[in-house]
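Enquirer:
In the UniProt record's numbering, the protein residues as written are 1 to 476.
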């Protein structure tokens with residue numbers, strides 16, 4: 001058996017512009033080696049309980065099947081990371097190096113350090129590369145070397161940074177490099193199959209081909225109107241590319257370069273580019289604030305005594321708060337595993353500043369449900385909504401759910417789509433159905449308290465309580 005190099009895929013299931021794979025191919029050609037590709041099935045996450053795992057593991061299967069058609073495979077290994085790597089090396093002791101794309105925040109960074117130390121003890125280098133973001137988390141800094149706390153100056157510095165262009169991988173070259181062998185870990189392969197059998201929802205629009213098609217459609221049909229339409233959930237105004245970025249079936253550099261090179265409206269293009277910058281910004285924040293998933297970034301607000309009210313939390317999770325725009329957003333999440341960004345802000349604000357519940361409860365629920373869950377962006381978004389993080393909305397600014405509803409879903413079509421109980425309610429009542437008289441409720445077949453819940457709180461009262469809660473925390 002000849003020399004081999006290994007490529008570890010984890011959230012980058014594509015063959016175009018895959019940084020680690022590009023470098024692995026270069027080494028394979030240089031030393032006349034074959035490439036073996038694998039996926040580590042972490043026992044702690046090998047469950048379909050969080051809804052988004054269905055989507056993720058089906059994406060892994062889709063990629064595995066693609067590699068098989070090309071003469072390779074995505075071999076599954078499991079156990080502790082040391083046990084998984086030991087299985088790999090026992091099956092293929094000729095491995096000269098391991099190539100992987102960076103995971104520099106959260107539990108992934110800890111896992112990677114363990115893996116690197118394990119391989120180092122065996123004199124096998126682990127080469128890792130920035131791939132999932134446009135900049136490194138410690139790249140865009142102030143002149144004194146400290147991280148930015150506010151997005152606008154960060155963005156001005158971020159824009160001036162050179163961004164790498166996508167690298168093309170020739171599939172014929174890759175086919176020639178692939179190593180086809182028997183499974184590394186039969187039990188791991190079976191565990192993966194069993195996991196897929198337990199998936200409750202089957203996803204169709206997954207994988208690299210679908211991602212590239214959606215990007216092209218967005219560039220050609222919606223990018224020019226993005227800045228005008230992106231806040232309105234009834235319009236197909238956003239890119240819907242976030243699930244593909246989450247699973248890495250689409251390269252962020254491909255998105256960036258195609259937007260930059262497009263003939264779209266300049267303002268819309270820049271607005272979209274800013275969203276990519278926000279993604280980098282929140283990863284940078286997570287890198288310098290490694291505890292941000294568990295504690296508020298602003299020290300004063302770590303003293304807030306958040307509510308843990310189970311009844312209110314369940315009402316929010318079930319989309320039964322009595323505020324239609326909030327309930328519609330949560331029900332979209334439950335049905336589709338995705339929620340429009342404007343609704344993410346509205347539902348988060350409601351949980352924290354109307355229900356006065358701990359923002360971590362909402363963050364964890366989004367983690368369970370979102371197929372595009374990104375820990376850095378999700379935590380950043382929740383700390384923004386809760387006014388406890390970097391560059392967050394001021395604590396005295398509290399979203400009014402009715403005003404938000406009237407502004408971004410004026411006709412109520414989004415509400416009616418996800419709350420069928422309100423489908424017959426006319427436009428002038430759709431945002432506040434509790435204002436209907438008894439006769440009108442009967443007429444429109446929506447009895448408040450029976451077909452659809454009464455408002456579970458009074459927003460004007462809760463707004464004052466929220467502001468007091470923050471003030472008291474600052475005064476302690």
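Glycine included, each C-beta is placed from N, C-alpha and C at the ideal position.
Under 8 angstroms, with one C-beta from each stretch per pair, do the stretch 258 to 267 and the stretch 136 to 151 reach the 3-pair mark?
Expert: No: the two stretches stay apart, fewer than three of their Cβ pairs being nearer than 8 angstroms.
Enquirer: Based on Cα-Cα distance, which residue from 428, 391, 415 lies nearest to residue 152?
Expert: Comparing Cα-Cα distances from residue 152 to each of 428, 391, 415, the minimum goes to 391.
Enquirer: Terminal residues of the continuous alpha helix (DSSP H) containing residue 134?
Expert: Per DSSP, residue 134 belongs to no alpha helix (DSSP H) and is neither H nor E.
Enquirer: Alpha carbon to alpha carbon, how far is residue 424 from residue 463? Give it in angstroms, no decimals.
Expert: Cα-Cα distance, rounded: 30 angstroms.
Enquirer: Residue 305 and residue 296: beta carbons closer than 8 angstroms?
Expert: No. Outside cutoff.
Enquirer: At 3 residues or longer, and completely inside the stretch 212 to 243: list those beta strand (DSSP E) runs for me, N to C.
Expert: Complete beta strand (DSSP E) runs here, min 3: none at all.
Enquirer: Pick out whichever of 146, 344, 5, 52 has its Cα sitting closest to the Cα of residue 178.
Expert: For the residues 146, 344, 5, 52, the minimum Cα distance to residue 178 belongs to 5.
Enquirer: With a CB to CB cut of under 7 angstroms and the five nearest residues on each side skipped, what residues in its chain are close to residue 432?
Expert: 402, listed in sequence order.
Enquirer: May I ask you to report which of helix, strand or coil DSSP gives residue 96?
Expert: Strand at residue 96.
Enquirer: Let me know the secondary structure DSSP gives residue 457 once reduced to three states.
Expert: Coil at residue 457, not helix or strand.
Enquirer: Tell me which same chain residues have a C-beta within less than 6 angstroms of the C-beta of residue 372, skipping the five on either side of it?
Expert: So the list reads 242, 243, 246, once near-sequence residues are dropped.
Enquirer: Less than 8 angstroms between the C-beta atoms of residue 115 and residue 88, yes or no?
Expert: No.
Enquirer: Within 10 angstroms of its Cβ, does residue 239 collect 16 or more other Cβ (buried), or is it exposed?
Expert: By the 10 Å Cβ count, residue 239 comes out buried.
Enquirer: Could you tell me the alpha carbon to alpha carbon distance between residue 103 and residue 422, rounded to whole angstroms?
Expert: Going by the C-alpha atoms only, they are around 44 angstroms apart.
Enquirer: Using 10 angstroms around the beta-carbon of residue 145, count the other beta-carbons present and answer buried if the total reaches 16, otherwise exposed.
Expert: Residue 145 should be labelled exposed.
Enquirer: Would you kindly work out how many angstroms separate the C-alpha atoms of residue 135 and residue 461, rounded to a whole number?
Expert: If you take the alpha carbons of residue 135 and residue 461, they lie about 44 angstroms apart.
Enquirer: Report back the beta-carbon spacing between residue 192 and residue 76 to the nearest angstrom; my notes put them in contact at under 8 angstroms.
Expert: Right, their Cβ atoms sit about 5 angstroms apart.
Enquirer: Could you tell me if residue 465 is buried or exposed, where buried requires 16 or more neighbouring beta carbons within 10 angstroms of its beta carbon?
Expert: Under this definition residue 465 is an exposed residue.
Enquirer: Assign residue 7 to one of three DSSP states: helix, strand, or coil.
Expert: Reduced to three states, the DSSP call for residue 7 is strand.
Enquirer: So which of 353, 355, 382, 354 has the shortest CA-CA distance to residue 365?
Expert: For the residues 353, 355, 382, 354, the minimum Cα distance to residue 365 belongs to 382.
Enquirer: Quick check on this structure: which residue in 397, 368, 324, 399 has the alpha carbon closest to the alpha carbon of residue 415?
Expert: Checking every option, the nearest Cα to that of residue 415 belongs to 324.
Enquirer: DSSP three-state label for residue 88, please.
Expert: DSSP places residue 88 in helix when its eight states are reduced to three.
Enquirer: Residue 346 and residue 326: beta carbons closer than 8 angstroms?
Expert: Yes, the pair counts as a contact, with Cβ atoms nearer than the cut-off.
Enquirer: Measure the C-alpha to C-alpha separation of residue 268 and residue 218 and round it to an integer number of angstroms.
Expert: Roughly 12 angstroms separates the two Cα atoms.
Enquirer: Name the residue from 180, 369, 202, 350 whose alpha carbon lies nearest to the alpha carbon of residue 332.
Expert: With distances taken between Cα atoms, residue 332 lies closest to 369.
Enquirer: Does residue 428 come out as helix, strand or coil in the three-state DSSP assignment?
Expert: Three-state result, residue 428: helix.
Enquirer: With distances taken from CA atoms, which of 420, 450, 417, 455 is nearest residue 435?
Expert: Of the listed residues, the one whose Cα sits closest to residue 435 is 455.
Enquirer: Determine the direct distance from the alpha carbon of residue 340 to that of residue 234, and round the result to whole angstroms.
Expert: Those two C-alpha atoms are separated by around 9 angstroms.
Enquirer: Tell whether a beta-carbon distance below 8 angstroms holds between residue 308 and residue 358.
Expert: Against a cut-off of 8 angstroms, the Cβ pair of residue 358 and residue 308 comes out as a contact.
Enquirer: Decide if residue 58 is buried, meaning its Cβ has at least 16 other Cβ atoms within 10 Å, or exposed.
Expert: So residue 58 counts as buried.
Enquirer: If I follow the unbroken alpha helix (DSSP H) through residue 252, where does it start and stop?
Expert: Where residue 252 is concerned, the enclosing alpha helix (DSSP H) stretches over 252 to 261.
Enquirer: Using the Cβ count rule (16 or more neighbours within 10 Å means buried), how would you classify residue 480?
Expert: Only positions 1 to 476 of the chain appear in the structure, and residue 480 is not among them; the question remains open.
Enquirer: Between residue 44 and residue 80, what straight-line distance do the alpha-carbon atoms span, to the nearest angstrom?
Expert: Rounded to whole angstroms, residue 44 to residue 80 spans 9 angstroms at the Cα level.
Enquirer: Report all residues from its chain with a CB closer than 6 angstroms to the CB of residue 82; omit the five preceding and five following residues, and keep chain order.
Expert: Contacts found: 118.
Enquirer: For residue 256, decide whether its Cβ has a neighbour in chain B, counting only Cβ atoms nearer than 8 angstroms.
Expert: Here chain B cannot be found, since the structure has a single protein chain.
Enquirer: Can you name the residues that DSSP bridges to residue 35?
Expert: Answer is 5, 178, bridged to residue 35.
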